[in-house]
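*Asks:*
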Amino acid sequence: MPPLRSHRKSRTGCLVCRKRRVKCDESGHPCANCTFRGLDCAYADPRTLAGGSAAEERATPSRTESLPGVPPRDSVTRQTQPALSQAAVSLRLQLELMHTYSTETYKSLFAEPTDNHTWQVVVPRRALEDGDGDRENGFLLDGLLSVAALHTAVRLSNSPKPEDRAWKQVYIDVAMEYQSHALQPFQRAIQQISRDNCDVVFAHSLITIVNGIAVPQVLHVSEGRREDSKMNMLETIFTLFELVQGTAEINRITGPWLKDKDPCLVYQDFWAAASGTALDTETDAALNRLGALNDAENKSDITRHLGDGRFTLIEKAISLLRRCFQRYTALNDPVSVLTWLATVDRAFVDCLRRHEALLLLVLMHWGALLARLEGVVWWAGGSGRGLVGDVLWILRVQHEGTSGADKPGRDGGVRRGEDFGGALKWVREDLGL
5 MPPLRSHRKS RTGCLVCRKR RVKCDESGHP CANCTFRGLD CAYADPRTLA
55 GGSAAEERAT PSRTESLPGV PPRDSVTRQT QPALSQAAVS LRLQLELMHT
105 YSTETYKSLF AEPTDNHTWQ VVVPRRALED GDGDRENGFL LDGLLSVAAL
155 HTAVRLSNSP KPEDRAWKQV YIDVAMEYQS HALQPFQRAI QQISRDNCDV
205 VFAHSLITIV NGIAVPQVLH VSEGRREDSK MNMLETIFTL FELVQGTAEI
255 NRITGPWLKD KDPCLVYQDF WAAASGTALD TETDAALNRL GALNDAENKS
305 DITRHLGDGR FTLIEKAISL LRRCFQRYTA LNDPVSVLTW LATVDRAFVD
355 CLRRHEALLL LVLMHWGALL ARLEGVVWWA GGSGRGLVGD VLWILRVQHE
405 GTSGADKPGR DGGVRRGEDF GGALKWVRED LGL
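Numbering (the numbering used here), first residue to last: 5 to 437.
#1: Which of the three DSSP states is assigned to VAL395 in this structure?
#2: So what does DSSP say about PHE359, is it helix, strand or coil?
#3: Which of the three DSSP states is assigned to ILE197 in this structure?
#4: State whether the stretch 172 to 182 contacts the stretch 125 to 133, with contact taken as three or more CB pairs (one from each stretch) at a distance under 8 Å.
#5: Just the C-alpha distance for SER2 and LEU435, rounded to the nearest angstrom, thanks.
#6: Measure the C-alpha to C-alpha separation of GLN221 and THR347 and round it to an integer number of angstroms.
#7: Compare the C-alpha of ALA290 against each of VAL174, GLU433, LEU101, THR109 and name the closest.
#8: Is PHE274 helix, strand or coil by DSSP?
#9: Between the stretch 205 to 222 and the stretch 147 to 157, are three or more C-beta pairs nearer than 8 Å?
#10: What's the gap between the Cα of TYR47 and the Cα of CYS35?
#11: Determine the direct distance from the alpha carbon of VAL219 to that of CYS202, and round the result to whole angstroms.
#12: Measure the C-alpha to C-alpha separation of LEU324 and LEU363 and round it to an integer number of angstroms.
#13: So what does DSSP say about PHE2, is it helix, strand or coil?
#14: Beta-carbon within less than 8 Å of LYS429's beta-carbon, same chain only, minus the 5 sequence neighbours each way: which residues are those?
#15: Can you tell which of PHE274, CYS28, TYR175 has the C-alpha that lies nearest to the C-alpha of GLN98?
#16: When we look at the beta-carbon of ALA59 and count the other beta-carbons within 10 Å, is it buried (16 or more) or exposed?
#17: Helix, strand or coil, according to DSSP, for ARG9 in the structure here?
#18: Once the 5 residues before and after CYS328 are set aside, which same chain residues still bring their CB inside 7 Å of it?
#19: If you run the structure through DSSP and keep just helix, strand and coil, what is ARG350?
#20: Tell me the DSSP secondary structure of ARG376 in three-state form.
#21: I'd like the list of long-range same chain contacts for TYR105, defined as Cβ closer than 6 Å, with 5 residues on each side in sequence excluded.
#22: How many Å lie between PHE190 and PHE143 at the Cα?
#23: Let me know if LEU377 comes out buried or exposed under the rule of 16 or more other beta-carbons within 10 Å of its beta-carbon.
#24: Would you call ASP284 buried or exposed, if buried means 16 or more other Cβ atoms sit within 10 Å of its Cβ?
#25: Do you know offhand how far VAL125's Cα is from VAL205's?
#26: Comparing alpha-carbon positions, which option in ARG357, GLU286, ILE318 lies nearest GLU239?
#27: Of the residues VAL158, VAL380, ALA296, GLY379, which one's Cα is nearest the Cα of LEU223?
#28: Quick check on GLY216: does DSSP put it in helix, strand or coil?
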């Protein structure tokens, strides 16, 4: 390949482009580069430029940079052309994100080949459809673009190129904007579920879980700032519970409708493929240990006044967790992991908010299952370990009898004996902590 021709370096470009060592098209305030990146564009005083060093005139050519995945600005914009409008810039970014989703991101949502067509083609097509001239499916499009932006941010954070890592925050900001924009329309759609929108609501509820798991990892773990937010992942789980508690009910109520639209979105026989799957000895023993702890708590004097309702609540959560472990063992798909989060009883979550020890222990075991997705899908990196770390911190504070002040912690009636310690030990060993 012949060497690139050098060019005369302009000293009249905007300050932002000069600082970033990229070619400025000098098209005005803002220039095309700053418009595209949403940056504040400013030019130096002409009198300052007049005193510039002649050495700048002989500088070697700088490498033009642009958003990853987008052709360099110089390849599509010449100084004789006007700057792109804000609308065109927005469209260009949306095209990049949709391309990322339809070629890469969709593969990380569900592992079964039969689901690929649905998530690569059918779901995006539904997101782009109008209803009565209104963008009533717009929240799903926002969800797809958001998860693609987060996927790009994670990829850039792992890049060896400093310029790529520097652009990570741009995509994080874009993802958060799309998520915020989708939230209220999504919640309204849940309240108005119908044959027309059931598939859109169900698809977005699953994407919301993926986004919610990925965000704290992108914001905190990748920056090494997890110590600033000891309960970050746990609080994220609580938020996700609130957002997607209706997912299982949506699937149950709208099963016949979903079957007519796309059978791949119907999970009526969700557990059939893994009903007889055997777990490894250690995992099976760990789940049995949780059941034994629940039995012991139910018989204790401390919690007897709570009645059988609490015992049944925890028993169902453990049983559901076992089925999720079995299905993941059989199919190795992310949805087997996410199902527990989406379908566990709301009352279980209310007890978790009170930091009751046994329920936190059950949640830790789900965190161990979530950790099995690390290295399998981009959005799960560090999430399971982060959740387990948060819960361990809470349990340690409770065990020490302090919570930032000299107040006793809440053990929720659990007598921390050998079984409780064994449960903690299994989770640590399973995650290599």
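Ideal Cβ positions, reconstructed from N, Cα and C, are used throughout, including at glycine.
*Replies:* In this structure, then:
#1: Annotated three-state conformation of VAL395 is helix, per DSSP.
#2: The amino acid at residue 359 is misidentified as Phe; the sequence shows His. Of the three classes helix, strand and coil, the one that applies to HIS359 here is coil, per DSSP.
#3: The three-state secondary structure of ILE197, taken from DSSP, is coil.
#4: The stretch 172 to 182 vs the stretch 125 to 133: no contact.
#5: It is not possible to answer for residue 2, since the shown part of the chain is limited to 5 through 437.
#6: Cα-Cα distance, rounded: 23 Å.
#7: The residue with the shortest Cα to Cα distance from ALA290 is GLU433.
#8: In the structure shown, PHE274 adopts coil according to DSSP, grouped into three states.
#9: Yes, the stretch 205 to 222 touches the stretch 147 to 157.
#10: About 10 Å.
#11: Inter-residue distance for CYS202 and VAL219 is about 26 Å (C-alpha atoms, whole angstroms).
#12: Their backbone Cα atoms lie some 14 Å apart in a straight line.
#13: Only positions 5 to 437 of the chain appear in the structure, and residue 2 is not among them; the question remains open.
#14: Counting only Cβ-Cβ distances below 8 Å, and skipping sequence neighbours, we find nothing.
#15: Looking at the Cα atoms, TYR175 is the closest of the given residues.
#16: Since pLDDT at ALA59 reaches only 36, below the 50 mark, its modelled position is unreliable, and the value read off the structure follows with that caveat. Exposed, by the Cβ-count rule.
#17: For ARG9, the predicted structure reports a pLDDT of 37, less than 50, and the residue's modelled location is therefore unreliable. A value from the coordinates is still provided. When secondary structure is reduced to three states using DSSP, ARG9 falls in the coil class, being assigned neither helix nor strand.
#18: Correct list, in chain order: SER340, VAL341, THR343, TRP344, LEU373.
#19: Residue state, collapsed to three classes: helix.
#20: DSSP places ARG376 in coil when its eight states are reduced to three.
#21: So the qualifying residues of the chain are LEU148, ALA152.
#22: Near 6 Å, if we compare the C-alpha coordinates of PHE143 and PHE190.
#23: A buried status is given to LEU377, since no fewer than 16 other beta-carbon atoms sit within 10 Å of its beta-carbon.
#24: Exposed is the call here.
#25: In this model, VAL125 and VAL205 are separated by some 16 Å (Cα to Cα).
#26: Out of ARG357, GLU286, ILE318, the CA that lies nearest to the CA of GLU239 is found in ARG357.
#27: For LEU223, the closest alpha carbon among the candidates VAL158, VAL380, ALA296, GLY379 is that of VAL158.
#28: Helix.
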